[in-house]
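Protein chains in written order, with my numbering: chain A, 439 to 660; chain B, 3 to 313. Data block below; observations after.
Below you can see the structure in the form of structure tokens.
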């Protein structure tokens, strides 16, 4: 599903966010990227999403070489991925139903079809009753669940989450992780960037540990 | 976490649905900021109205010039000793010239009668004991005849032994043509200037709209929207601005022509001519509105493409 071969990402001559990072993630796997702030977790997600370009090395995601991915091919590539952001990135002037449905209608579904599917997904993340609410009317945890619903509505092959529990209390964090486990159990590859080691330990999943742009450990629980 | 997912819609369905949503989205966007949109429409309408007004005036002006040119004629005054047979021969000779449409004889008797019928000149004639008038041939040129050709003809006729004097005043024709030509260039310049203003102004407005939706556009890109998908509603907004401002510009033109009708009539009457301003035809209006829509669409296309690409 994901293969990074000696990937580096540099900003200018002396600032390397990633340095010679190699790893492989199989389809259907769930893993965590962890490390201190500035370790390179978010950089890996940004490279996978092609928000930024690789400076050196090769990366293949879902059979697509990121170096060879053209601007015109980018939308189609991104439609196979789901992304969850720490800051949720919900549109304040739309209901949460439309925030979730938007992902579907961008793929060509009708508004009615998209909203119908959005209601199903919102019910699955426990927000079925709040479909007509606006993001500002929801708690941070609920907003994060809307973000997850938006990311999974199109059933992506790969789900990426950047510090999804960053602003949540431990109980809510566990709830969200349970949600990710269920998504993963459904066959979706899940990559979560998190610095919450206690949570990561409890889930007993593969962990890639980063430090100052270097991959220093690839921990696989037995 | 079981999801039921329908098969991916086909390319045509996606395209059609995307446009359908953009048609509504493009309308929704100006309605969200009504005052700013009204200001945009009025500015665009003025920019479209001024070249349209100049074009309409030029069309009318050119028509009036043709009409007046056609009404112009060459007066050939014959020598006193020329007999009726020679006059008839000369008349036939002139009639055969390509530049001449008709040749009419105005005899001395006809001229005397006209003078007597004139309330002011009749009193002058009454106090003159003896006056002799020449016979006159009035030549009506063809529509295609140019001033230069007619001037050349007048010079040529002047050399004829039976002709005393040829009258053809070309100066006012030249002046009229020069004014029309200047007006034509002024119109062209105004079209270029105002269309540039439209493009710049609309690019700024659409650029502002794109900046206002920066977060939404960025998110849509991450969700897999293409630049074309994102651009669509901005293009439809541009199209709507063009149609509405085009209609408004046409309305302003109608009011202006109505406003100018009386003063222009009075001006024409002072020259002894009737001036009737012609409004633009239905086809021209539709073409004009379509042109406005195209220009604003183009402005929106250029602006949104560059701004969205940067995000």
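Cβ coordinates follow ideal geometry from the N, Cα and C atoms, glycine included.
- Query: If you follow the alpha helix (DSSP H) that residue 480 of chain A is part of, which residue opens it and which one closes it?
  - Reply: 479-487
- Buried versus exposed, by CB contacts within 10 Å (16 or more), residue 137 of chain B: buried
- Task: Could you please give me the residues that DSSP links to residue 473 of chain A through a beta bridge?
- Result: A/648
- Have a look at residue 461 of chain A and residue 483 of chain A and give me their C-alpha separation to the nearest angstrom. 13 Å
- From the beta carbon of residue 23 of chain B, is the nearest beta carbon of chain A less than 8 Å away? yes
- Message: What does the alpha-carbon distance come out to for the pair residue 42 of chain B and residue 208 of chain B?
- Response: 10 Å
- Message: Please tell me whether residue 11 of chain B has its Cβ less than 8 Å away from any Cβ of chain A.
- Response: yes
- Message: If the criterion is Cβ atoms closer than 8 Å, does the pair residue 653 of chain A and residue 627 of chain A meet it?
- Response: no
- Query: Considering residue 542 of chain A, what are the terminal residues of the alpha helix (DSSP H) in which it resides?
  - Reply: 534-543
- Query: Can you list the residues of chain B that residue 521 of chain A reaches, using a CB-CB cut of under 7 Å?
  - Reply: 224
- Own chain residues within Cβ distance below 6 Å of residue 213 of chain B, not counting five before or after: none
- Message: Rounded to whole angstroms, what is the Cα-Cα separation between residue 448 of chain A and residue 454 of chain A?
- Response: 4 Å
- Under 8 Å between the Cβ atoms of residue 105 of chain B and residue 96 of chain B? yes
- Message: Tell me the DSSP secondary structure of residue 292 of chain B in three-state form.
- Response: helix
- Item | Beta-carbon spacing of residue 231 of chain B, residue 598 of chain A below 8 Å | no
- Coil, strand or helix - residue 12 of chain B by DSSP: coil
- Could you give the residue range of the alpha helix (DSSP H) that holds residue 578 of chain A? 578-590
- Query: Which residues does DSSP pair with residue 244 of chain B in a beta bridge?
  - Reply: None, per the DSSP bridge assignment.
- Message: Along the region 220-252 of chain B, where does the CB come closer than 7 Å to a CB of chain A? Name the residues.
- Response: 221, 222, 224, 225, 226, 227, 228, 231
- Item | Three-state class that DSSP yields for residue 99 of chain B in the structure shown | coil
- Message: Taking the alpha-carbon of residue 63 of chain B as reference, which of B/78, B/223, B/107, B/179 has the nearest alpha-carbon?
- Response: B/179
- Could you pull out every residue in the same chain whose Cβ sits closer than 6 Å to the Cβ of residue 656 of chain A, ignoring the five residues on either side in sequence? 646
- Message: I'd like to check one pair, residue 51 of chain B with residue 288 of chain B: are the Cβ atoms closer than 8 Å?
- Response: no
- Keeping to the same chain, check which residues put their C-beta closer than 7 Å to that of residue 49 of chain B; ignore five residues upstream and five downstream. 196, 199, 200
- Task: Select from B/220, B/219, B/188, B/302 the residue whose C-alpha is nearest the C-alpha of residue 238 of chain B.
- Result: B/302
- Query: Is it true that the CB of residue 522 of chain A sits closer than 8 Å to the CB of residue 477 of chain A?
  - Reply: no
- Message: Along the chain, where does the alpha helix (DSSP H) containing residue 118 of chain B start, and where does it finish?
- Response: 110-119
- Cβ neighbours of residue 54 of chain B in the same chain (closer than 6 Å, five flanking residues each side left out): 251, 255
- So residue 550 of chain A is in the alpha helix (DSSP H); what residue range does that whole segment cover? 549-562
- Message: Within a Cβ cutoff of 7 Å, which residues of the same chain sit near residue 123 of chain B, ignoring the five residues on either side of it in sequence?
- Response: 117
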